[in-house]
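**Q** Heads up: the sequence shown begins at 4 in this note's numbering, then just goes up one per residue.
Beta carbons are placed, not taken as given, at the ideal position from N, Cα and C, and that holds for glycine.
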Amino acid sequence: MESVDQQPGPCARAVGYSVILPPSWAKIPLRNGTDAAVRRILDRSFAGFSRDQVAQQRHELRERLGKLIASAKSNAGLDLYLPVELMRGLAVPASFLVSEGAFDAGPETPPEEIVAVLAARGADASLTEVDGAIGVRQDKIVPPDRARDIQYGSRHVDYTLAVPGDTRRWLVIAFSTIGAGDPGDDIAQLLTGLFDAVMTTFRWRHAQ
């Protein structure tokens with residue numbers, strides 16, 4: 004499924020999607036146009052400086068983006084979204100990944116049954132609907148894991164949505180932000196609210 008930047012048509016089968024991003028965020032498509040998107044992010048991040056002035060910083064950012072992209076592709080990612088401007092002089096520790104998902108269920112299993120099972124797995128999961136598609140929203144805190152050199156806790160919000168018109172396909176929109184492991188963490192709370200606001204703009208593109 005590709006992502007597009009146009010409004011959906013009237014047909015039932017979804018073949019893409021669109022979202023409206025905050026001005027400081029950018030999209031990196033992971034199947035086509037990845038390199039061009041990275042160049043645009045680098046140029047935007049270091050606008051006003053010559054290449055010689057920020058050569059080391061550009062290299063470091065390119066390396067960091069490369070690692071994020073490789074990880075996203077290994078998770079069946081379609082598109083990666085992340086902030087490209089500083090907040091109060093600091094990098095914003097957040098991103099979200101749109102990927103395709105699948106479940107070990109028969110082709111005739113109604114999406115409603117799968118959603119019910121997913122929503123019943125824990126107190127952090129709840130039923131949701133996004134542009135007419137049923138799904139589950141999961142919101143959880145992941146504590147630090149110093150054994151894996153993960154020094155900070157993080158907050159994760161995942162939307163798992165049934166793709167309209169195709170009972171075998173699912174879309175997973177997975178957001179994460181670094182926090183102190185406390186649900187009341189102000190920055191994590193702010194960024195989570197921003198992501199949920201972005202999800203209110205999510206629209207399917209339907210086959211013509």
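Would you mind giving the Cβ-Cβ distance between Leu83 and Leu71, rounded to the nearest angstrom? I have them listed as a contact below 8 Å.
**A** That belief holds up - the Cβ atoms of Leu83 and Leu71 are roughly 6 Å apart, short of 8 Å.
**Q** Return the chain-ordered list of same chain residues with a C-beta closer than 6 Å to the C-beta of Leu194, the five sequence neighbours on each side being excluded.
**A** Closer than 6 Å at Cβ, skipping near neighbours: Ala97, Thr180.
**Q** Helix, strand or coil: which one does DSSP assign to Phe52?
**A** Reduced to three states, the DSSP call for Phe52 is coil.
**Q** Spatial neighbours of Ser27 within its chain, please: CB distance less than 6 Å, with the 5 preceding and 5 following residues excluded, ordered by chain position.
**A** These residues qualify, in order along the chain: Pro86, Glu88.
**Q** Buried or exposed for Asp161, going by 16 or more other Cβ atoms inside 10 Å?
**A** Result: buried.
**Q** Using 7 Å as the threshold, is the C-beta distance between Gly168 and Ala15 below it?
**A** Going by C-beta atoms, Gly168 is nearer than 7 Å to Ala15.
**Q** Which whole runs of the beta strand (DSSP E) in the stretch 114-197 are 3 residues long or more, in chain order?
**A** The qualifying runs are 128-133, 136-145, 157-165, 173-181.
**Q** Where do the ends of the alpha helix (DSSP H) carrying Leu71 lie?
**A** Segment 58-77, the alpha helix (DSSP H) holding Leu71.
**Q** For Thr204, which of helix, strand or coil comes out of DSSP?
**A** Thr204 falls in the coil class under three-state DSSP.
**Q** For Ile31, which three-state DSSP category applies?
**A** Three-state DSSP puts Ile31 in a strand.
**Q** What's the C-alpha gap between Thr204 and Glu132?
**A** In a straight line, the C-alpha of Thr204 is about 12 Å away from that of Glu132.
**Q** Do you know offhand how far Thr170's Cα is from Asp199's?
**A** Approximately 25 Å between the Cα atoms of the pair.
**Q** Alpha carbon to alpha carbon, how far is Thr163 from Glu115?
**A** If you take the alpha carbons of Thr163 and Glu115, they lie about 12 Å apart.
**Q** Confirm, please, whether the CB-CB distance from Val175 to Ser102 is below 7 Å.
**A** Yes, they are a contact pair.
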